[in-house]
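Protein chains: 2
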Amino acid sequence: MRKINTTNFSIATRTTARDINRRIALNVIRERQPISRADLARHMKMTRGVVSVLVQELIVQELIYEGATGEAARGRKPTFLHVRTKDRLAIAVDIRFTKTYLMLCDFSGRQLGIEIYDTVFSVPDFTKDLARRVKKMLKGLGAGAVCEGIGVVVPGMVDQRTGRVLNAPALGWRGVDIRSKIAAATDLPVHVENSGRACALAQLWLEKAETAGQSFVYVSVSDGVGTGIVMNGELIRGRDHIAGEFGHMPIDLDGPRCMCGANGCWEAYTSNLATLARYFGWNLSQLSPKHMKEMEKNSFTVLDLISRARTGDAKALSAIRASGRFLGLGLATIVNIINPDAIYLAGEITNAWDLIEETVRSAMVERALTEAASRTPLRITPAQEYPRLRGAAALIAAPTFAAPRVA
Amino acid sequence: MRKINTTNFSIATRTTARDINRRIALNVIRERQPISRADLARHMKMTRGVVSVLVQELIVQELIYEGATGEAARGRKPTFLHVRTKDRLAIAVDIRFTKTYLMLCDFSGRQLGIEIYDTVFSVPDFTKDLARRVKKMLKGLGAGAVCEGIGVVVPGMVDQRTGRVLNAPALGWRGVDIRSKIAAATDLPVHVENSGRACALAQLWLEKAETAGQSFVYVSVSDGVGTGIVMNGELIRGRDHIAGEFGHMPIDLDGPRCMCGANGCWEAYTSNLATLARYFGWNLSQLSPKHMKEMEKNSFTVLDLISRARTGDAKALSAIRASGRFLGLGLATIVNIINPDAIYLAGEITNAWDLIEETVRSAMVERALTEAASRTPLRITPAQEYPRLRGAAALIAAPTFAAPRVA
DNA sequence: GACATATTGTTCGGCGCGCGAACAATATGC
DNA sequence: GCATATTGTTCGCGCGCCGAACAATATGTC
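Protein chains in written order, with this note's numbering: chain A, -19 to 387; chain B, -19 to 387.
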């Protein structure tokens, strides 16, 4: 029941049907590979004749290739089809407060190399340094393949259309046109995205999860709380490209001050910093980057806190559970607003899921509007897989597989 | 950049292109009527030849008709095309705590008749009474035209798929299969929807507003706060059909008790009841349907409060402005989460827009994450046009014009 | 009034593409 | 050697967009 936008639509031409079906075929191959033409035809409910032609076109476009011959109980053996991903590369960059992460991967998201180094806050120096590292990485690990672009993830507000960093308080960047700067230095297409939305993109495009329903919210708890909304298989970016910021919805208008300037944001109650602050008895209202730096120096993280909780530190356990409760209350609000098919959770605190699941769940029941809604599936995603970097890569790889625009 | 759902898609057949273009043509005619074939061809960037055939098919399907001949400076005069709406009718029903609203209208949303009567809470009696009124109305005002269905709007949780009222506290209905009951009594197709989402549907399908961007949130402030989200021209319903409930996001976890059972919901701060409670000095935490009944008896409404504010009652003005401030804070959260192209506002309090606009705006600036976001257009919709009833009608009329499902 | 010009709406051949059926290629079992 | 089964290709058919020609209809101008 979508309404057609009569000021900005695409009519169907005589090649539209083919375009649509070719793209569907590519996606079915991608998700079910290896797969034969005959199987593809059955899945698509088309005749083998048409599928044969579609496949031939995809082979000519070098989007797929024929692999080994499969086994069959009787009759002619099938030729398996695969999506060409190994020699199509993307560079992923994740700029965070302390470290910058740089990854080279192929279009399936397979990691070929990774570098982690101290973040350079000066934009010209950062760009110069990054270009050097990218060139070296491509010459070494990326030899013999084509790099199709660089995806950059920034903690803060970015405009994906223009590639400008509007405001990244953790980096001290405001109104920085990071896209053209990196593009000029590396001579590669660059896409910039916010960290929460990048994680959602990674989940949508690079994970083999059951995103079948294709409406979900990704919630990543780290220094802040990054979130991204996917509706009907499409990332929500919004008018000003700031959509999805559940982290700054209020829990209490008179609550502790948040890094965004407002008071009582969800993030201020459930972020790693909040969890640690509870343990050390800091005043939540007076948290600042200063505390983040201090934590970094002592290299005491939420993971350490979880260890202490597991070895019987009651204070640690109660700090973690407190964050878990606020996490659940926020998730309930997400459920009431978006009512997604699932919520994906990431971040250090998910390593303590066995310790907090009950707390989170009961907090959800407390505020969810229906019983069914409170049972929204929560899916924990392992943090060690660098979801932000995978999201950066998805920025480059996704256009190849996206649905064509029609009507 | 939408991802194709490979477990549930529609391939393009040899009639798909025609289906798409025919539907686009219908919508362009609907929004620009009267329009000639030649103009239609220019708007659609197609040849007149194809458009002629499309138009002929739409005429055969009785979706459009040829009207008068237009004027032209030179050359052959154009034949104007119109969408056939006058003899296609829908019944709209809005069941509220005190009154039930029943409207007969055509597919353009033009009102043919309206009845307002006391709500009958017993479901069998309600159904019987409704069926009687509907039959009478169709016999009288609807003579000579076809009624294509009944749209029903309920204040509370409904499952649009099954037509069940899950929980409507204001009516005391829980788990009532209202759809089959009304369908059986009237022998007409019935669709049920929640009031906030219905308003959004009305705005999307029946108003000639600039919903061009086609992502917006509708916020209706009445006894409660009803909201509906439209993303990319499609109403968000969610997994359990409860999506869009911004009314129950928290403002303060320890805030006043809300009718939903939770504490500190936005609704509890900015609804009509909250506004009146502030004026009369009631404890916000102890509000109940009892107070609503009392207000009804005294027939003192927010409109009366606004009159008092205009005639110099400082206490009235401050009560209204307090609600305005909370309204703005909630809108800021909506902007941060959805970042819509616009927010539509309805409800009695919008009659005092000149008194509260500044308060609302400054509250938005307070919590919106970027300056651009805080400038999200707010559009006031006049309450006397019965948005909920129009939404109910849209439930019936929309499928005729909706985009075909592809890929 | 004849003719040039302009605009709307229709018709027709060309070609892209899905559909179904026939056919070639290839494997197994008896 | 032959029946059977399965994969993958080819081809005629009809639908539908495209461009161009053409018919219909109106207004000026001489």
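Note that CB positions come from ideal geometry on N, CA and C, so glycine has one too. Since this is a predicted model, take the numbers as computed values, not measurements.
Backbone CA spacing between residue 153 of chain A and residue 90 of chain A [nearest angstrom]: 31 angstroms
At least 3 beta-carbon pairs within less than 8 angstroms: the stretch 68 to 83 of chain A vs the stretch 13 to 20 of chain A: no
Cα-Cα separation between residue 123 of chain B and residue 10 of chain B, rounded to whole angstroms: 24 angstroms
Complete runs of the beta strand (DSSP E) confined to the stretch 128 to 155 of chain A [at least 3 residues]: 137 to 139, 144 to 148
Start-end ranges of the beta strand (DSSP E) lying completely within the stretch 168 to 210 of chain A, minimum 3 residues: 170 to 174, 196 to 201
Proximity test, Cβ basis, 8 angstroms: residue 127 of chain A and chain B: no
Exposed unless 16 or more other CB atoms sit within 10 angstroms - verdict on residue 190 of chain B: exposed
Interface flag, residue 158 of chain B vs chain A, CB-CB below 8 angstroms: no
Touching by the beta-carbon criterion (3+ pairs, under 8 angstroms), the stretch 332 to 349 of chain A and the stretch 25 to 43 of chain A: no
Neighbourhood of residue 327 of chain B by C-beta distance below 6 angstroms, restricted to the same chain and skipping five residues each side: 200, 201, 202
Coil, strand or helix - residue 212 of chain A by DSSP: coil
Outcome for residue 81 of chain A when other beta-carbon atoms lying within 10 angstroms are tallied against a minimum of 16: buried
Pair within 8 angstroms by beta-carbon distance, residue 430 of chain B and residue 215 of chain B: Absent from the structure is residue 430 of chain B, since the part of chain B shown begins at -19 and ends at 387.
Residue-level contact to chain A via CB, residue -15 of chain B, 8 angstroms cutoff: yes
Element boundaries [alpha helix (DSSP H), containing residue 117 of chain B]: 103 to 120
Opposing strand residues paired with residue 230 of chain B [DSSP bridges]: B:245
Contacting residues, own chain, Cβ-Cβ under 6 angstroms from residue 210 of chain A (five flanking each side not counted): 180, 184, 196
Rounded separation between residue 62 of chain B and residue 240 of chain B - CA only: 46 angstroms
Cutoff 8 angstroms; reference residue 340 of chain A; Cβ partners in own chain excluding five residues on either side: 304, 305, 307, 308, 311, 358
Top-ranked residue by Cα proximity to residue 39 of chain A, from A:282, A:372, A:256, A:5: A:5
Close Cβ partners of residue 343 of chain A (< 8 angstroms) along its chain, the five nearest in sequence each way excluded: 304, 305, 306, 307, 308, 309, 311, 312
Residues of the stretch 314 to 331 of chain A with Cβ closer than 7 angstroms to any Cβ of chain B, in chain order: 316, 317, 318, 319, 320, 321
Segment contact, 8 angstroms Cβ cut-off, at least three pairs: the stretch -13 to -3 of chain B with the stretch 369 to 377 of chain A: no
Neighbourhood of residue 52 of chain B by C-beta distance below 7 angstroms, restricted to the same chain and skipping five residues each side: 58
CB contact check: residue 230 of chain B to chain A, cutoff 8 angstroms: yes
is_contact[residue 236 of chain A, chain B] using C-beta, thresh 8 angstroms: no
Residues that residue 74 of chain B bridges to, as DSSP identifies them: B:81, B:133
Burial state of residue 232 of chain A, where buried means 16 or more other Cβ atoms lie within 10 Å: buried
Where the stretch 337 to 355 of chain A meets chain B: residues whose CB sits under 8 angstroms from a CB there: 346, 347, 349, 350, 352, 353
Interface flag, residue 291 of chain B vs chain A, CB-CB below 8 angstroms: no
Buried or exposed (CB count within 10 angstroms, at least 16 for buried), residue 47 of chain B: exposed
Test: residue 179 of chain B CB closer than 8 angstroms to a CB of chain A: no
Inter-residue spacing [alpha-carbon to alpha-carbon] between residue 0 of chain B and residue 42 of chain B: 18 angstroms
C-beta neighbour in chain B for residue 360 of chain A, strict 8 angstroms: no
Contact residues within the stretch 87 to 104 of chain A, judged by C-beta distance below 8 angstroms to chain B: none
Check whether residue 151 of chain A and residue 101 of chain A have beta carbons under 8 angstroms apart: yes
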